[in-house]
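Using our numbering, the letters of the sequence shown map in sequence onto residues 838 to 936. For glycine and all other residues, C-beta sits at the position ideal for the given N, C-alpha and C. Just so we're clear, the structure is a prediction, and the values are computed from it rather than from any experiment.
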Amino acid sequence: MWKQHETYYDLLATVWNSHGQGPIIQQVLNILKKLKLALKSLNREEFSDISGRIKQSEQDMKEKQINALRDPFEESFEAMKQSATIYQRYKCAEESFYW
Numbered sequence: 838m839w840k841q842h843e844t845y846y847d848l849l850a851t852v853w854n855s856h857g858q859g860p861i862i863q864q865v866l867n868i869l870k871k872l873k874l875a876l877k878s879l880n881r882e883e884f885s886d887i888s889g890r891i892k893q894s895e896q897d898m899k900e901k902q903i904n905a906l907r908d909p910f911e912e913s914f915e916a917m918k919q920s921a922t923i924y925q926r927y928k929c930a931e932e933s934f935y936w
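Quick look at the structure:
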C-alpha cells in the first residue's frame with residue numbers, strides 16, 4: 838500500500854539518510870523509529886477513512902464520466918481519466934489493507 842504512493846521512496850530516502858549520534862545500532866534504532874512515525878503520518882494523511890474516500894472518488898468519477906459524455910472534449914476526458922486513476926488507487930489500497 839505505502840510502496841504504491843508517489844512519495845514513499847522519497848520519504849524512505851529522507852529518513853534513511855538522516856544521521857544521528859551514538860553507536861551504529863542506536864542510529865539504526867533511531868532511524869527505524871523515525872520511519873515508523875513517518876509511515877504512520879503517511880497512513881493517516883493518505884489512507885484514513887478509505888471507504889469514505891472510495892465512495893467520494895467513485896461519485897466524482899461518475900460525475901466526470903457524465904460530463905465527458907455531455908462535453909466530448911479532451912479536457913473532459915482527461916479529467917475523467919484522472920478521477921478514475923484516483924478511484925483505482927483507493928480501491929487498490931483498500932484491497933491491500935484486507936489482504
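When secondary structure is reduced to three states using DSSP, F910 falls in the coil class, being assigned neither helix nor strand. With respect to Y924, S888 sits apart: the two C-beta atoms are not nearer than 7 Å. Rounded to the nearest angstrom, the gap between the Cα atoms of R926 and P860 is 41 Å. Taking 7 Å as the cut-off, the Cβ atoms of A916 and K892 do not count as close. As the crow flies, the alpha-carbon of L849 is around 11 Å from that of L874.
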